[in-house]
Amino acid sequence: MEKKRLIYADNAATTRMSHVAFEEMSKFMFDSYANASQPYSFARTAKKALLESREIIADCIGASHPEEILFTSCGTESDNWIISHFGIDGANIITSPIEHKAILNPCKKAKEKGCNIKVLSVNSFGEVEFDSLQSLIDDKTVLVSVMTANNEIGTIQDIEKLARITHSKGIPFHTDAVQAVGHIPINVNSLDVDYLSASAHKFNGPKGIGFLYKKSGQNLGSYVCGGTQEFGLRAGTENIAAIIAMAKALQENCAKIEHNIRHIKKLEETLLSLLKIGNLDFKRNGVNQLPGNISLSFKDKNGEAILHRLDLMSICVSTGSACDSNTTQISHVLKAIKLDPSYALGTIRISLSKDNTEEEMKAIAFSINKIVSN
Ligand code: PLP
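In numbering that gives the first Met the number 0, the protein residues as written are 0 to 373.
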């Protein structure tokens, strides 16, 4: 029997690696594999690639200096670094209830150490309410951290305004931009953020590498102690192959960002219009959303069951609810936006990429219409 072609529509979970990035990566694994800290000439190419990667990434996100880019192992590490630096006894950190666990769980740890974690209000689209930020800031607030775009429902926050309110009280602002970098234009200077987290595998780079942007002059304690790598802040021999691949993948995406957005938005329109024809009872979350991040909630249906039926049809999507062995639980994000449980339990997330096609949208819509109307 002919195997069905896989349709990958879970790009918010991870993306396929770029060929350019892969080729670059292999050069540094097999040819220029030297430790960038060594003084001999064989290490020069690796050292140069490290510098060049910082420059490329700084350029892609509008940073003023390459030294503002610090390499980490992933988005989770970048988020953990920030929260562990600021989350000290007696301090207050303000964050949103729809952050990724990479922020929420370090916040829980910080709370155990005596740090207060204050949680912002969000509306039914997941947008942070500005008044709640104004009212939560006090003289013990040391950091405000709000994600740029949500991984589950795609909501894009007004980071510029949130940073402005935060700065008006002299407090630094961090954003987890893991879902946004490489997908929508990001300029750290015009957003005026002090720290930003990103992860390569979300923008067609390799897994196991990410970065943290730290504005010049802002504080940050060392996270991994040892050698002097990453300006003495994060020790450990640099993974040059992954770093250069991350930089090249980001550069490739940023060069075509408007083109990719147009393509993905068109796919999204096709998919939604075909689902409407199916006359299904579903809600689509959000107003200002990440292109291609489509959260669909089907009334009185089970998201896990839809996911597994789609899987049988070789279509990969994700759910908005996490299943443990006995019960299906509504995710913290859907709870925070107070989505009616009759819809929340039937939520799936389809996340598209530049590689998806119109044909795939037809196949996804056809399959969903079939599964949900049964
Ligand atoms: N932050 C957000 C918003 C994410 O979506 C993710 C991953 O899904 C992370 C952080 C963690 O990134 P990584 O997988 O690189 O650790």
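We put the CB at the ideal spot given by N, CA and C, even for glycine.
Could you tell me if residue i is buried or exposed, where buried requires 16 or more neighbouring beta carbons within 10 angstroms of its beta carbon?
i: Asn278; result: exposed
i: His64; result: exposed
i: Gln133; result: exposed
i: Pro171; result: buried
i: Asp78; result: buried
i: Cys73; result: buried
i: Gly181; result: buried
i: Leu274; result: buried
i: Phe281; result: buried
i: Tyr222; result: buried
i: Ala246; result: buried
i: Ala62; result: buried
i: Arg4; result: exposed
i: Ser123; result: exposed
CB residue i to CB residue j, shorter than 7 Å?
i: Ile239; j: Ala45; result: yes
i: Gly204; j: Asn292; result: no
i: Ala244; j: Met28; result: no
i: Ile370; j: Ile305; result: yes
i: Ile393; j: Pro184; result: Here the chain covers residues 0 to 373 and nothing more, so residue 393 does not appear.
i: Asp175; j: Met146; result: yes
i: Asp9; j: Val316; result: yes
i: Gly86; j: Ala109; result: yes
i: Ala33; j: Ala42; result: yes
i: Ala20; j: Glu237; result: no
i: Ala199; j: Ala179; result: no
i: Ile164; j: Asn287; result: no
i: Glu251; j: Ser17; result: yes
i: Ile314; j: Ile60; result: no
i: Asn259; j: Lys353; result: yes
How far does the alpha helix (DSSP H) with residue i in it reach, from first residue to last?
i: Ser341; result: Pro340 to Ala343
i: Ala199; result: Taken as a continuous stretch (DSSP letters only), Ala199 belongs to no alpha helix (DSSP H), as it is neither H nor E.
i: Ser350; result: Here Ser350 belongs to no alpha helix (DSSP H); instead the beta strand (DSSP E) covers Thr346 to Ser350.
i: Phe230; result: That residue, Phe230, is in no alpha helix (DSSP H); it is neither H nor E in DSSP.
i: Val371; result: Glu357 to Ser372
i: Ser189; result: Val187 to Leu190
Can you tell me where the beta strand (DSSP E) holding residue i begins and where it ends?
i: Ser294; result: Asn292 to Phe297
i: Gln328; result: Thr327 to Ile329
i: Gly209; result: Gly209 to Lys213
i: His173; result: Phe172 to Asp175
i: Phe70; result: Ile68 to Thr71
i: Arg15; result: No beta strand (DSSP E) holds Arg15; DSSP gives it neither H nor E.
i: Lys206; result: Lys206 -> no beta strand (DSSP E), and no H or E assigned at all.
i: Ser144; result: Thr140 to Ser144
i: Ile276; result: Counting along the chain, Ile276 falls outside any beta strand (DSSP E), though it belongs to the alpha helix (DSSP H) covering Ile256 to Ile276.
i: Ile116; result: Asn115 to Val118
i: Thr94; result: Asn91 to Thr94
Cβ-heavy atom distance between residue i and the ligand ATP below 6 Å?
i: Pro105; result: In terms of ligand content, the structure shown lacks the ligand ATP and carries the ligand PLP instead.
Is residue i near the ligand PLP, in the sense that its beta carbon is under 6 Å from a heavy atom of that ligand?
i: Gln178; result: yes
i: Thr94; result: no
i: Gly209; result: yes
i: Ser198; result: yes
i: His182; result: no
i: Thr75; result: yes
i: Asp9; result: no
i: Ala101; result: yes
i: Asp175; result: yes
i: Asn203; result: no
i: Asn376; result: An answer regarding residue 376 cannot be provided, because it is not within the stretch 0 to 373 covered by the chain.
Inter-stretch contact at 8 Å, needing at least 3 Cβ pairs: the region 137-153 / the region 106-125
Judged by Cβ distances under 8 Å, the region 137-153 makes contact with the region 106-125, as three or more pairs qualify.
Can you confirm whether the region 290-306 touches the region 339-354 when touching is taken to mean that 3 or more C-beta pairs between the two stretches lie within less than 8 Å?
Three or more Cβ pairs closer than 8 Å define a contact, and the region 339-354 meets that threshold against the region 290-306.
Does the contact criterion of 3 or more C-beta pairs under 8 Å hold for the region 256-271 versus the region 120-128?
Touching, no, given that fewer than three Cβ pairs across the two stretches are closer than 8 Å.
Measuring CB atoms only, is the region 67-77 touching the region 206-223, in the sense that at least three cross pairs come out at less than 8 Å?
For the pair of segments examined, the region 67-77 was found to touch the region 206-223: the number of CB pairs separated by less than 8 Å reaches three.
Taking 8 Å as the threshold, find out whether the region 93-102 comes into contact with the region 328-336 through three or more Cβ pairs.
Result yes; three or more Cβ-Cβ pairs closer than 8 Å.
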